[in-house]
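Engineer: Per this note's numbering: the sequence shown = residues 18 to 113. Beta carbons are placed, not taken as given, at the ideal position from N, Cα and C, and that holds for glycine. Here the structure is a predicted model, which means the values were calculated and not measured. Here's a structure for you.
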Amino acid sequence: MCSRAQKWRRDVQRLAADDMEGRRTGTDGYRRAAAYVVERFEQLGLRPSGTEGFLQPVAFQTRSLDEERSSGPSLQWPAGLLLRQVINDQPIFLIR
18 MCSRAQKWRR DVQRLAADDM EGRRTGTDGY RRAAAYVVER FEQLGLRPSG TEGFLQPVAF
78 QTRSLDEERS SGPSLQWPAG LLLRQVINDQ PIFLIR
């Protein structure tokens, strides 16, 4: 029988697997990760409380920066770094 630590490790390894594609919102990898989490919640006997079972849709707006045409300052950052800014009281998340 698996210990709780072994089960936790298995869950983390599964969610971090390459086929989850980084779990970026709206991607197939995200949908696979969400399905895995729902399955695990069901196995654990949890009860859903989202608007669609364990899930609750949230609207996202996506924008991208054309760095070649941008007149703003150039940002240098390592791949995958998340930067947060607030513009006009709205949080802005930048992922490169």
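Taking the alpha helix (DSSP H) that Leu32 belongs to, which residues open and close that run?
Structural biologist: Note, Leu32: alpha helix (DSSP H), 21–32.
Engineer: Residues bridged to Glu69 by DSSP?
Structural biologist: Its beta-bridge partners are Leu72.
Engineer: Using the rule of at least 16 other Cβ atoms within 10 Å of the residue's Cβ for burial, across every protein chain shown, is Ala33 buried or exposed?
Structural biologist: Ala33 is exposed by the Cβ-count criterion.
Engineer: Determine the contact status of Ala52 and Met37, defining contact as a CB-CB distance below 7 Å.
Structural biologist: No; because the gap between Cβ atoms is not below 7 Å, this pair is not in contact.
Engineer: In this structure, how does DSSP classify Gln78 when only helix, strand and coil are distinguished?
Structural biologist: If DSSP states are grouped into helix, strand and coil, Gln78 belongs with coil.
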